[in-house]
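First the structure, in the form of structure tokens, and then the observations on it.
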Amino acid sequence: MSNGTSVKGGGTFRFGLLLLAFPLLLWLFLLVVLPHIDLFLVSMRERISYGKYEFSLINYIEFFSEPLYWNTYVRTAVMSIFATFLTLVIGFPVSYYIAKFMRGKGKNVLFLMCLIPFWVSELVRTFGWMILLRESGVVSNFLQWSGIADGPVEMLYNDATIMVGLVYTSMLFMIVPLVSVLDSLDDSLIEAGYDLGGNGFTVTRDIVIPHAMPGIASGCIVVFMLTLGNYLTPNLLGGKDSLWFTEQIYTQFITRFNWESGSAFGFLLLVLSSLIVWVGLKLSKQTLSETVG
């Protein structure tokens, strides 16, 4: 009797769990899986005439045979990795300070200060940087007023400005997982490291970073994916010569109305992001389940 009751209870639990997960599974299928399948199928066809298509690899051949597309693809990947690295280098000390040095209201205030810029849209934040860095902007006027510069200084439309914008717009997504994981680090372990003769560098290397590795991997994945797929920030801060791959995708879809090439470029970007994330997880010796969990 008890066995029958337990089996029935287990079946009810599994059914309830499936019922709760159904909206998520439906959302993933309709908005993630299905669009990517269609994206791939569209990328594998060539327009012969109006409304007529045939199977072809011409869109991928065009990508690999055109140096502009290939160079932009590689450049976007390299700059996204570098932006992720800079975000980690800047965000880790901030996260450690919030998690380990601040207590009570001070901790909440610092965390809120990191959050406040994200109360407005990315477009507004990017325009804010344009106001600061343009030729007639705040920074240029200050440099002229202080005598450091003789004339207007244009700081927009270069790679350094793009990097500043990318790091700024994604910083919160690095700090949140780092603060969460560093909060769980027992202070006694850090004290023990110092008691055993360690210094700040060795304690950070041998205790703090290994404990924070799941948060580091999680933050890097999110920041890298957001940076790689960012269109607004590189386009506005880098200008028409920003050479960001999402701009190439936008051009194919919107400007040239070439959905086949645009789909191929989008699928190649998906492959690139997945490959780099996989390599990053292997190098950090993390698994996706540990990172997400």
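Oh and the sequence shown: position 217 is 217 in UniProt numbering, straight run, nothing missing.
For each residue, glycine too, the CB sits at the ideal point set by N, CA and C.
A distance below 8 angstroms between beta-carbons, with the five flanking residues on each side excluded, links D183 to the following residues of its chain, in chain order: A99. Taking C-alpha positions only, T255 is separated from G262 by approximately 10 angstroms. Bounds of the beta strand (DSSP E) holding I48 are R45 to S49. Looking at the DSSP output, F55 shares a beta bridge with R45. Of all alpha-carbon atoms in I207, F257, R47 and V167, the one lying nearest the alpha-carbon of E122 is that of V167. Going by C-alpha positions, S95 is about 5 angstroms away from V179. C-alpha of Y69 to C-alpha of F15: approximately 49 angstroms in a straight line.
Our two residues, L156 and F85, have alpha carbons roughly 22 angstroms apart in a direct line. Put simply, the stretch 43–63 touches the stretch 257–272. At least three CB pairs are less than 8 angstroms apart. One Cα belongs to L237, the other to L243, and the distance between them is close to 12 angstroms. In this structure, P234 lies near I162, with their beta-carbon atoms less than 8 angstroms apart.
Residue nearest to F265 within the set S65, F245 and Y97 is F245 (criterion: CA-CA distance). Each residue's CA atom was taken as its position, placing L57 and G229 some 24 angstroms apart. If you ignore the 5 residues before and after I131, its C-beta comes within less than 8 angstroms of the C-beta of G137 and V138, all in its own chain and listed in chain order. L88 is positioned such that its CB atom lies closer than 8 angstroms to that of G219. DSSP places F201 within a helical segment (H, G or I) once states are collapsed to three.
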